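Have a look at the structure below before the remarks.
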Amino acid sequence: MDVTIFGINLTLNPIAFTIPIGDGWPVHWYGIIIATGFMLAVIYGMINGKRLGVDTDRLLDVVIVATPVAILGARLYYIIFDDELTLADFFDFSNGGFSGLAIYGGVIGAFLAGGIMCYLRKVNILNAFDLAAVGFLIGQGIGRWGNFINQEAFGTATGSDWFGMTSENVTEVLGEGALAHPCFLYESIWCLTGALLLHLYSKKRTFSGQIILGYCVWYGFGRTFIEQLRTDSLFLGGPFRISTLLSIVLCIGGIVATVYIKRKQKGPQAEDYVPVFADAMDDGAETVEEE
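My numbering applies: residue 190 is where the sequence shown begins, and numbers increase by one.
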């Protein structure tokens, strides 16, 4: 596929290579890129787990279970909010894979399954979520380049004669000569920047759960605006984009929760006062030391 982005002409092939099995088994760049982002997120967790009070051996058990649930959650979320699909399409593997995944569904599925596994494996949930927050941003930031290879998840026309990108897919949606907002690039930069900032922030956190709240604020804020540019948004009836609404809720909720906890920490303390989440942080640290 011929692609032009910011005046640079490229030729992209969504298939990286073909495994000579039967009629040939194509391996798509999208899957390779997603897998790369996932592996880097896991590596980040392994390196920084002890610092955040998470036993890395037990964390791997959590990841092994949460990963497939995240994929199923991403698929289910997409089907629920796509008017043209039904549950009968859930296992549609046409065109080299699922015909639609939604990152928010994956995030929800991962945190639900991860929370249950943390409880079963006695991993501090809030510390694990803080660790996962940075990992998610790493995975999302890299994974968005899979959208670029497939020429999907792009935005509306920029109105410029050089800023933006075009391809056969863009022309089909926006018309000949239109340049689309490279939403994949916006979100990739936003997520990777957020990963760096939250990583640095994690070194100065004052309570468990602070980094996952930061994720909600950072990603929710950026996705709110990026989603408004997209041409393939999922809608919740009428003009309401489901991902925009969810992003706003996450952002506001993260801000309110963070401010509330910070005020509790700085407020007047009774003799028997225990800092918010103090037990959670101590338990997580003790678990690592005992191991």
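By construction, the Cβ of each residue, glycine as well, lies at the ideal position given by its N, Cα and C atoms.
For clarity, every value in this text was computed on a predicted model and none was experimentally measured.
Residue burial classification, residue i (beta-carbon count within 10 angstroms, cutoff 16)
i	result
M354	buried
W214	exposed
S436	buried
T360	exposed
T200	exposed
N316	buried
W351	exposed
P428	exposed
G364	exposed
D272	exposed
P257	exposed
F280	exposed
D191	exposed
E357	exposed
L387	buried
T275	exposed
G366	exposed
V445	exposed
A369	buried
R333	buried
S432	buried
F195	exposed
Q399	buried
L389	exposed
S349	exposed
V448	exposed
D165	For residue 165 there is no data in the structure shown, the boundaries of the chain being 190 and 480.
Residues sharing a beta bridge with residue i, DSSP
i	result
S356	V192
G344	R419
P215	T207
Reduced DSSP secondary structure (H/G/I, E/B, other) of residue i
i	result
I269	helix
P209	coil
F279	coil
F424	strand
L199	strand
N313	coil
A302	helix
D481	One cannot answer for residue 481 here, as it falls past the ends of the chain, which runs 190 to 480.
T291	The sequence shown places Ala at residue 291, rather than the Thr named in the question. The answer is coil: DSSP assigns A291 none of H, G, I, E or B.
L274	coil
G262	helix
V243	coil
G335	helix
G364	coil
Delimiting residues of the beta strand (DSSP E) encompassing residue i
i	result
H370	Premise fails: H370 is in no beta strand (DSSP E) and is neither H nor E.
Bounding residues of the alpha helix (DSSP H) (the contiguous stretch that carries residue i)
i	result
T225	W218 to N237
T395	Per DSSP, T395 belongs to no alpha helix (DSSP H) and is neither H nor E.
A438	Rather than Ala, the amino acid found at residue 438 in this sequence is Val. First-last of the alpha helix (DSSP H) with V438: I431 to K455.
heavy atom of the ligand SAM below 8 Å from residue i C-beta
i	result
G213	Ligands are entirely absent from the displayed structure, and the ligand SAM is therefore not among its contents.
Three or more C-beta pairs below 8 Å linking the stretch 202-220 and the stretch 306-314: no
Can you confirm whether the stretch 376-385 touches the stretch 409-425 when touching is taken to mean that 3 or more C-beta pairs between the two stretches lie within less than 8 Å? yes
Could you tell me whether the stretch 262-269 touches the stretch 219-226, where touching means 3 or more Cβ pairs closer than 8 Å? no
So does the stretch 322-333 actually touch the stretch 222-240, counting three or more Cβ pairs closer than 8 Å? yes
Does the stretch 331-351 come close enough to the stretch 235-255 that 3 or more CB-CB pairs lie under 8 Å? no
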